[in-house]
Amino acid sequence: MVGVVAYRFPSFPEDTLLSLAYAYVTRRISSSPLSALKTTDPDHTVAQDILSHIAPFLIDRKSKLLFEDVDSVVTYVWSKLEAVGIIIQPPTHTYTSQQLSDFPSADSFSILLSDVITLFQPPPVTVISEDGTDSPVSRLALLAISDIVALFSPAKVKHVLHKLDFYAAHLFTRNADVLGLVTEETRIARLKMHSQPLG
Numbered sequence: 567m568v569g570v571v572a573y574r575f576p577s578f579p580e581d582t583l584l585s586l587a588y589a590y591v592t593r594r595i596s597s598s599p600l601s602a603l604k605t606t607d608p609d610h611t612v613a614q615d616i617l618s619h620i621a622p623f624l625i626d627r628k629s630k631l632l633f634e635d636v637d638s639v640v641t642y643v644w645s646k647l648e649a650v651g652i653i654i655q656p657p658t659h660t661y662t663s664q665q666l667s668d669f670p671s672a673d674s675f676s677i678l679l680s681d682v683i684t685l686f687q688p689p690p691v692t693v694i695s696e697d698g699t700d701s702p703v704s705r706l707a708l709l710a711i712s713d714i715v716a717l718f719s720p721a722k723v724k725h726v727l728h729k730l731d732f733y734a735a736h737l738f739t740r741n742a743d744v745l746g747l748v749t750e751e752t753r754i755a756r757l758k759m760h761s762q763p764l765g
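In the working numbering, the protein residues as written are 567 to 765.
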């Protein structure tokens, strides 16, 4: 269900959607990190367009999109990509060696969800930085959002950057228990993709 809801997933579903969109776009244009793309590279514009299509709440200042859980995020993203029928390819740097077929399909979407699990998976041990503080357990997800920030920075769209900063700050405060819950919800959604395909 998409809309205004009373229940909010412990780590905003929007963070999960951004990670799913990030996994998709890096595979679509076969490039990671996105920050390596020059503004003159056609893929730079393609990446911005795809992210804007999947996550319109980044661009639309008045967006009221809210999601209940990972399942609602999966259903929403599937519908957005099904509408354009894009084909995705594996990026140069991949989280998995599996190949992707025409999108959307249960197999290709399952790979994207595996990428999201990788981004949110809490580390087995706490990493201590040089100044003695704990590193955020959502490091990979934060790096993904940072990469999206770098992609949109040349366009100087301040409201987009402010929203991304907000999602990054929210992720930064999440502990391992919350990220573990996000990971488990995503893993369950991945299993459902094969037993109850959306398309």
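Beta carbons: idealized from backbone N, C-alpha and C, even for Gly.
6 Å Cβ shell around residue i - same chain, five flanking residues per side excluded
i, result
"Leu737", "Asp581, Ser704, Ala707 and Leu708"
"His610", "Leu603"
"Pro720", "Thr605"
"His760", "Ala672"
"Leu685", "Ser585, Leu706, Ala707 and Ala710"
"Val640", "Ala755"
"Lys758", "none"
"Asp713", "Pro599, Leu600 and Ser601"
Sheet register partners of residue i (DSSP bridge)
i, result
"Phe732", "Paired residues: none, contrary to the question."
Contacts around residue i, its chain only, beta-carbon distance under 7 Å, and the 5 residues preceding and following it disregarded
i, result
"Gln664", "In this predicted model, Gln664 has a pLDDT of only 41, less than 50, meaning its place in the structure is not dependable; the value taken from the coordinates is given anyway. The residues are Ile677."
"Gly746", "Pro688"
"Ser667", "A caution first: Ser667 carries a pLDDT of 41, below 50, which makes its placement in the model unreliable, though a value can still be read off. Result list for Ser667: Asp673 and Ser674, in chain order."
"Lys729", "Leu624"
Option nearest residue i by Cα separation, candidates the options
i, options, result
"His619", "Leu584, Leu600, Thr605 and Leu757", "Leu584"
"Pro689", "Phe633, His760, Thr749 and Tyr733", "Thr749"
"Leu679", "Ser761, Ser712 and Arg753", "Arg753"
Beta-carbon proximity check, residue i vs residue j, cutoff 8 Å
i, j, result
"Leu586", "Ala716", "no"
"Val591", "Leu617", "yes"
"Ser638", "Pro579", "yes"
"Val612", "Glu751", "no"
"Asp731", "Ala589", "no"
Own chain residues within Cβ distance below 8 Å of residue i, not counting five before or after
i, result
"Gln614", "Leu717, Phe718 and Ala721"
"Ile683", "Thr749, Thr752, Arg753 and Arg756"
"Pro608", "none"
"Tyr733", "Phe578, Glu580, Asp581, Leu584 and Ile711"
Do the region 595-607 and the region 640-648 meet, that is, are 3 or more Cβ pairs less than 8 Å apart?
Cβ pair count under 8 Å is below three, so no.
Does the region 719-729 come close enough to the region 605-624 that 3 or more CB-CB pairs lie under 8 Å?
Flag = yes, the region 605-624 and the region 719-729 touch.
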